[in-house]
Structures are given as structure tokens and as C-alpha cells.
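Accompanying notes for the structure given below.
Protein chains in written order, with the numbering used here: chain A, 56 to 429; chain B, 343 to 490.
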């Protein structure tokens, strides 16, 4: 904990020094062709139905209450600084998390300062730069499926998508054959946690984590191909895994390969999340082929695995496995219709409530969605 | 013989899908000119440098002037520029900018309504850079050579 505090302090001092140095230069007003206020938004509306057990809020009778949407405002104050705010809604059908989720949430709000030479700092509530999809996890037209692989990015409880704190971003060697994009972030985030025995979310508490992490991307000379590594470490309080008042140290890491080419996309990520006595590993592979300019075929395989080595519980087994196939049709880049079928098996079902020690269940579910943005 | 026909059909179908997924041949590099302010001492850029500038990954000229990139209107020139400099279709670059916008990391260069607007902007801003159709008059600005 002392180490984390020291690192947080170091990051804060670094950011403060950088911001102060940048502030010494007079702040120019926005260039005459820069828009002072930009408004953007997106909406993905879906119908989802399961052929049996309820998973990800999708019941067997189907639901139209399945949606992600957001409205974003970006105000350019000067040529170097801006304020960005995004509010959003995420409806997840019959999921128990709807009982504790707000109708409208503040996705992010931050102040951004360009420090020059491809460097910027953001302070406020920021999407965590983690892996390929975390920052755009709800932006339907940019995703091959309705959501990124939930085995990897999570859905509902234990999702860490935004951080209250600061992030420093730096682009290096931008004019070279190989270039690097780096992010460093620190702060605090909170998330809904389930009951460890029943995996029931309703009535569960919010845990709080404080930590720091980073994400590094290596862009290669082959246009569209990049490799990433990232991770963070944090200290959790108010966590159901420990007695009240006891803080627990967690670590996450992710390794990514992302090939986004003219005719196809190949993405694969592997990650681990560890805490004392617990190892959660997850991975996925996604292939998307653009059969025509408008029609794409999307295939994805994902899985998650847990290993418990606790005094009261021992387990080494798969939590979930999902195979997905879908078609997406882009009327325009900003208007996309999708149909996807998932064959899912594991212990991540909501109805009937299962625990990670229960026998695995299986179900198929289908999502039909229309996504638009502006 | 019957099985051979099925195998041949499968092979043909597979080949057709692979063909569709293979990268399209690059478009010819003509059809556009990259222009900068006449006072800018730079005379050429390689493709990667130009791409980095228009993707806002490179923000300063060698003399320290702030780069002010500007996109042109939807046109064959923009498509040719995008294919040649970014190695991607203009639609792919738009998708890239949507990703940047919705991850909260920035906004694309401003988009001008016509090539004449691009020329006017570049002419009046020392750090400006844009691209226009080859046939556009460029007397008041400097045409930059973009090397592979």
C-alpha cells in the first residue's frame, strides 16, 4: 500500500510538473477552423433471446430492454485544452444488475491538456485504457458484435471501465516505421460486486479500488497491425472477498494483438487477474471478414477460467466458454445492423442462479441489433 | 467423380472467399496534391510522416510550428489521398476517427467544404497542410512531394 501511495504521488507530481510547464506558454484561443463545441452520440438498440437459461440479462422469452446509448460533448477551450463529458445508458434486459444500476450514468468527464509533442494529460473521470475495446466497449457501430467478448471485458458485476483520477498519454516515434502509444493512469474506481456464494448481484455492495496502471501499443510498419501490453495493480476495500476493514491487493495484465486490415480484422487478447489465492484468466480470438464493403462475417471464441486456492475453497475450472458467429451490415459507417448467435456454456448464468462450484450449464442466445452514431 | 466435383466446388468457394478477403490493390498515387503554406521550408514528406500528420500523431513541423492539418471534401482526391498516404480507404480512416472520438481522445482535423476552401486555409495559416485534386490551382501555396 505504501508503494502504491508513493507511485501515485510520483505520478501526480509528474503530471503537475508537466501541466505547469505547458501552462507557461500562453494559451492560444482555438484555431479559427476548430469547432468550439462538438456533440457526438451513439445508440445500439437490440432484441435478445435465449433458448433456455438466462444469461447476460437475456431471458428465454426475449427482451427489447437491451440497449447502450450515450451523448458526448467536447468543448475546446483553447488550442491546447478541452473539457469532455459523456453521459450514457446501458440497459441489460432482466439482469439483476439493473436493480443497482442508474438509469443514466456519467461515463466520463475530464479536462484534457495537450502538452505538445504527442503528449496529453486527462484529469477527471476517464475510460481506462485497457486492451483493445475497453474505451469503446459500448459503441455499437465500432464493434463486430453487440459487445466485446464478455468473458474478457466483463459485463454487469466486476466491470472496471472508468477511473476517477488522471491519465498521461504519449505518442512516440510517430514518424517512424515502428511507433508507440503509451498511457499511464492512476486513481480510484468502484464497481458492483456479486455475492460470492450465490453470484447474485441484487443487494450486493460496491467495492472500491485504488491503483495505477498502464497500456503500451507498438504500431508496426504493416498498416493496421499493432501489439499491446497493459496492466494495473490496485488495492480493494469493502470487498466481499475479505472481512470488513481488510484491504486486498489485486493485479491485472493483458496482452493483445490487433490486426485491422482493409478486408479483415483479427484480434486476440489474453489476460489474468490475480489476488491472494485467486487467479482468473480469460482470452478470446475474434476474426471479422469484410465480404463486401457493407457486409462482414464475424466469428469469436472466448473463455474464462478460475483457479482458487483458499482455505475454504479449492477450484481449478472453466467459468465460461462462448462461441459466437454473426453478420453485420453497414448501411453507412455510422449505421450498422447485426445479427449474432452465441453458444455459451459455463457458470455465468443468472437464471437459475449458479455458483462457480455448480455444474456448468449451456444455452444459445441470439441478439439482433441496430447501431447508429453521429 | 461426384466427390471430385463437390471438392472442386468447395475449393472454388474457398478461393472466392479468400480472394474477397485479400487486400485490394493500391490505388494509383495520382489524383491529388498535398499543399502547405508557401512560407513553410519543408519540401517533401515520406508517406508515414504525412500519415502521422493527418492522423494528428505528429503535431509539429521541424521548425516547431504547430501543424494544422485540414481534410478536404468527399471526393476522388480524398479517396486517392487516403489510399496512398494512409494505405486505407477513406471510410476506414473515418472509422479510425470515430474510435478516437468515442474513446475521448480527440477529434479529426476540420473538414473543408471545397478544394478552394482548403487552398484558402493553407494560404492563410503558416502551419497548415491539406490536399486537393490535381486539377486545382495551387499558385498561392506550396505543393509538397510525398515519397513512398
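No residue lacks a Cβ here, since even glycine has one placed at the ideal position from N, Cα and C. All values derive from a computational prediction rather than experimental measurement.
Just to confirm the assignment, what range does the beta strand (DSSP E) spanning residue i have?
i, result
"residue 164(A)", "160-171"
"residue 395(B)", "Where residue 395(B) is concerned, there is no enclosing beta strand (DSSP E), although the alpha helix (DSSP H) it sits in stretches over 389-396."
"residue 427(A)", "416-428"
"residue 185(A)", "That residue, residue 185(A), is in no beta strand (DSSP E); it is neither H nor E in DSSP."
"residue 475(B)", "470-475"
"residue 320(A)", "319-330"
"residue 358(A)", "350-364"
"residue 373(A)", "369-387"
"residue 460(A)", "Nothing about residue 460(A) can be reported from this structure: the residues present for chain A run from 56 to 429 only."
"residue 152(A)", "Here residue 152(A) belongs to no beta strand (DSSP E), and DSSP marks it neither H nor E."
"residue 277(A)", "Segment: none, residue 277(A) is in no beta strand (DSSP E) and carries neither H nor E."
"residue 345(A)", "333-345"
Please say whether residue j and residue i have beta carbons closer to each other than 7 Å?
i, j, result
"residue 500(A)", "residue 271(A)", "Absent from the model: residue 500(A). The displayed extent of chain A is 56 to 429, so no value can be given."
"residue 192(A)", "residue 203(A)", "yes"
"residue 515(B)", "residue 407(B)", "Nothing can be reported for residue 515(B), as the shown portion of chain B is limited to 343 through 490."
"residue 418(A)", "residue 106(A)", "yes"
"residue 291(A)", "residue 262(A)", "yes"
"residue 294(A)", "residue 303(A)", "yes"
"residue 25(A)", "residue 246(A)", "Given a span of 56 to 429 for chain A in the structure shown, any question on residue 25(A) remains unanswerable."
"residue 422(A)", "residue 405(A)", "no"
"residue 240(A)", "residue 286(A)", "no"
"residue 471(B)", "residue 419(B)", "no"
"residue 113(A)", "residue 128(A)", "no"
"residue 464(B)", "residue 377(B)", "yes"
"residue 218(A)", "residue 183(A)", "yes"
"residue 96(A)", "residue 335(A)", "no"
"residue 429(B)", "residue 278(A)", "yes"
"residue 123(A)", "residue 145(A)", "yes"
"residue 195(A)", "residue 426(A)", "yes"
"residue 126(A)", "residue 110(A)", "no"
"residue 289(A)", "residue 248(A)", "no"
"residue 364(A)", "residue 332(A)", "yes"
"residue 244(A)", "residue 229(A)", "no"
"residue 388(A)", "residue 433(B)", "yes"
"residue 381(A)", "residue 403(A)", "no"
"residue 392(B)", "residue 442(B)", "no"
"residue 186(A)", "residue 327(A)", "no"
If we define contact as Cβ-Cβ less than 7 Å, is residue i a contact residue for chain B?
i, result
"residue 73(A)", "Summary for residue 73(A): the model assigns pLDDT 46, below 50, so the residue's position carries little reliability; its value from the coordinates is reported in the next sentence. False, the Cβ-Cβ gap to chain B never drops below 7 Å."
"residue 190(A)", "yes"
"residue 136(A)", "no"
"residue 325(A)", "no"
"residue 308(A)", "no"
"residue 426(A)", "no"
"residue 278(A)", "yes"
"residue 203(A)", "no"
"residue 124(A)", "no"
Where do the N-terminal and C-terminal ends of the alpha helix (DSSP H) with residue i fall, by residue?
i, result
"residue 489(B)", "That residue, residue 489(B), is in no alpha helix (DSSP H); its beta strand (DSSP E) goes 484-489."
"residue 442(B)", "432-444"
"residue 465(B)", "457-466"
"residue 402(A)", "Run containing residue 402(A): none; DSSP gives neither H nor E here."
"residue 423(B)", "418-423"
Could you tell me whether any Cβ in chain A is nearer than 7 Å to the Cβ of residue i?
i, result
"residue 444(B)", "yes"
"residue 472(B)", "no"
"residue 391(B)", "yes"
"residue 437(B)", "yes"
"residue 490(B)", "no"
"residue 420(B)", "no"
"residue 484(B)", "no"
"residue 477(B)", "no"
"residue 400(B)", "yes"
"residue 414(B)", "no"
"residue 429(B)", "yes"
What does DSSP give as the partner residues of residue i in its beta bridges?
i, result
"residue 283(A)", "272(A), 311(A)"
"residue 97(A)", "125(A), 428(A)"
"residue 91(A)", "According to DSSP, which records beta bridges pairwise, residue 91(A) is partnered with nothing at all."
"residue 410(B)", "470(B)"
"residue 108(A)", "According to DSSP, which records beta bridges pairwise, residue 108(A) is partnered with nothing at all."
"residue 380(B)", "None; residue 380(B) has no bridge partner."
"residue 297(A)", "DSSP lists no partner for residue 297(A)."
"residue 402(B)", "408(B)"
"residue 265(A)", "243(A), 290(A)"
"residue 304(A)", "290(A)"
"residue 397(A)", "379(A), 420(A)"
Please decide whether residue i counts as near chain E, where near means a Cβ-Cβ distance under 7 Å.
i, result
"residue 433(B)", "Judged by its chain identifiers, the structure shown contains no chain E, and its protein chains are A and B."
Alpha helix (DSSP H) runs wholly inside the stretch 190-242 of chain A, at least 4 long, in chain order: Taking only runs of at least 4 residues, the alpha helix (DSSP H) segments lying wholly in the stretch 190-242 of chain A are 205-208.
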